[in-house]
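Beneath this line is the structure, given in structure tokens, with notes to follow.
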Amino acid sequence: MSKSILIIYTGGTVGMIDSGNGTLLPFDIKNLLVSIPELSKFNFPIESISAFEKPLDSSNIGPDEWKMIGKAVADNYEKYSGFVVLHGSDTMAYTASALSFMFDGLSKPVIFTGSQLPIGLLRSDAKENILTSIELASMHDAKGNAVFPEVCVYFENSLFRANRTIKANAENFDAFMSPNFPALAEVGVHFKLNESLVHKSTTPFSFRDKLSQDVALLKVFPGFSAKVFQSVFDNQYLRGLVLETYGTGNIPQEKHLLAGLNQLAARGVHVLVVTQCIKGRVELGRYATSEDLRKMEVHSGHDITSVAAVTKMMHVMGNYSSKADVDTRLQQSLRGEMTMV
Ligand code: ASP
42 MSKSILIIYT GGTVGMIDSG NGTLLPFDIK NLLVSIPELS KFNFPIESIS AFEKPLDSSN
102 IGPDEWKMIG KAVADNYEKY SGFVVLHGSD TMAYTASALS FMFDGLSKPV IFTGSQLPIG
162 LLRSDAKENI LTSIELASMH DAKGNAVFPE VCVYFENSLF RANRTIKANA ENFDAFMSPN
222 FPALAEVGVH FKLNESLVHK STTPFSFRDK LSQDVALLKV FPGFSAKVFQ SVFDNQYLRG
282 LVLETYGTGN IPQEKHLLAG LNQLAARGVH VLVVTQCIKG RVELGRYATS EDLRKMEVHS
342 GHDITSVAAV TKMMHVMGNY SSKADVDTRL QQSLRGEMTM V
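The structure is reproduced here in structure tokens:
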């Protein structure tokens with residue numbers, strides 16, 4: 042297929058321009074060429090659309106908007122060879138991770154990017170991030186296949202698998218990290234491509250937009266009182282819990298906490314254990330303090346991020362109702378989001 046890119050604008054800092062009196066306002070995507078005249082130098086068509094009626098700060102983007110962004114890609118999937126999504130950086134890792142699960146059989150790149158400084162400012166990182174994302178999204182191999190047929194995040198010289206990313210810096214240009222998985226590409230004077238790491242699907246493309254929001258994320262901390270958190274354990278809507286544990290999956294040996302977790306397991310609530318460390322993985326049973334969890338009916342999230350764990354649960358529980366179907370998928374890496382050992 043010949044190269045053509047669709048830019049999908051959702052809002053965030055990346056689209057902010059000076060209104061003329063010093064206030065920053067979202068730009069009109071129709072004026073993208075005014076902000077980045079270099080776009081006309083690409084020798085293939087680049088078109089753009091807005092995902093929403095009004096641009097959104099990404100703090101206001103959630104499951105409803107993920108579906109709209111996903112639909113914009115799915116509706117245009119046959120027409121373009123790649124997609125670049127302009128998105129606020131605050132929740133970009135959530136949106137991009139969610140979409141990595143919602144799309145199956147992706148054979149085209151969907152690259153999320155944004156910026157730390159508005160496009161309308163002189164020192165903005167927006168222009169470089171957008172231009173390089175377009176270049177990466179349009180890369181094809183000798184057979185004409187996309188080099189990065191995944192949902193990715195590109196920020197400040199690195200292309201990452203989306204469901205491995207976290208926003209790790211609120212002020213530096215390199216705002217994103219992929220703590221447990223190498224970058225798919227590093228961009229300097231040359232492009233260094235790690236093509237052997239790219240997740241490739243063989244199934245036909247599909248977009249599943251069902252999501253369950255009956256999910257909670259609970260982080261243990263010293264002094265954590267299960268009595269205080271009893272309302273979470275008692276919550277009748279809860280179907281899935283991501284439990285952020287210490288180190289390799291350790292929790293305080295606190296009887297109310299253990300009783301609460303047992304109560305969830307007995308009710309068939311899915312518990313996915315992740316580490317609150319930025320880097321590393323869960324190894325249940327390595328210490329006595331994770332032995333109780335190992336014996337319970339919980340799933341190890343291995344080296345998955347909390348961001349990917351929450352969005353994966355939403356996707357899996359939205360699409361499958363039987364406990365066995367959900368369990369099977371939580372135990373597998375669906376889109377390269379965790380490394381099993
Ligand atoms: N608050 C902004 C947003 O996430 C920050 C950014 O775009 O970087 O929409």
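In this note's numbering, the protein residues as written are 42 to 382.
Cβ coordinates follow ideal geometry from the N, Cα and C atoms, glycine included.
Bear in mind that the values here come from a model prediction, so they are computed numbers and not experimental data.
Item	Value
Contact test: Thr-54 Cβ vs the ligand ASP heavy atom, cutoff 6 Å	yes
Counterpart residues of Lys-296 in DSSP-defined beta bridges	In DSSP, Lys-296 forms no bridge with anything.
Spatial distance of Leu-238 from Thr-380 (CA atoms)	12 Å
Residue nearest to Tyr-121 in terms of C-alpha spacing, selected from Lys-168, Ile-46, Val-188 and Asn-276	Ile-46
Own chain, CB closer than 6 Å to Lys-168, minus 5 neighbours either side, in chain order	Ile-77
The stretch 68 to 82 in contact with the stretch 104 to 116 per 3-pair CB rule at 8 Å	no
Spatial distance of Met-337 from Glu-324 (CA atoms)	14 Å
Beta-carbon proximity of Thr-136 to Ile-102, cut-off 7 Å	yes
Backbone secondary structure at Leu-258 - three-state DSSP	strand
CA-to-CA distance, Met-355 to Lys-364, given in whole angstroms	14 Å
Local Cβ density within 10 Å of Ser-331, reported as buried at 16 or more and exposed below that	buried
C-beta contact flag for Ser-91 and Ile-70 at 7 Å	yes
Residues bridged to His-340 (per DSSP)	Leu-313
Beta-bridge pairing of Thr-286 - partner residues as DSSP gives them	Thr-316
Beta-bridge partners of Ile-48, as assigned by DSSP	Ser-89 and Val-125
C-beta atoms of Thr-4 and Ile-152 nearer than 7 Å	Here the chain has residues from 42 to 382 only, and residue 4 is not among them.
Helix, strand or coil at Asp-250 [DSSP, three-state]	coil
Short Cβ contact (7 Å threshold) for Lys-260 with His-297	no
Near the ligand ASP: Asp-131 beta-carbon under 6 Å from a heavy atom	yes
With 16 other Cβ atoms within 10 Å as the buried cut-off, status of Lys-383	The requested residue 383 is not part of the displayed model; the chain covers only 42 to 382.
Buried versus exposed call for His-231 [16 or more other C-beta atoms within 10 Å across all chains shown]	exposed
One or two residues paired with Thr-154 in a DSSP bridge	Leu-127
Extent of the continuous alpha helix (DSSP H) run through Phe-142	133 to 143
CB of Lys-241 within 7 Å of CB of Ala-187, strictly	no
Expected contact under 8 Å - CB spacing of Ile-160 and Val-228 to nearest Å	Their Cβ separation, rounded to whole angstroms, is 19 Å, which puts Ile-160 and Val-228 out of contact at 8 Å.
Residue(s) in a DSSP beta bridge with Gly-377	DSSP lists no partner for Gly-377.
Contact check, Arg-249 vs Met-143, beta carbons under 7 Å	yes
Gly-61 beta carbon near the ligand ASP (any heavy atom closer than 6 Å)	no
Close Cβ partners of Cys-318 (< 7 Å) along its chain, the five nearest in sequence each way excluded	Gly-288
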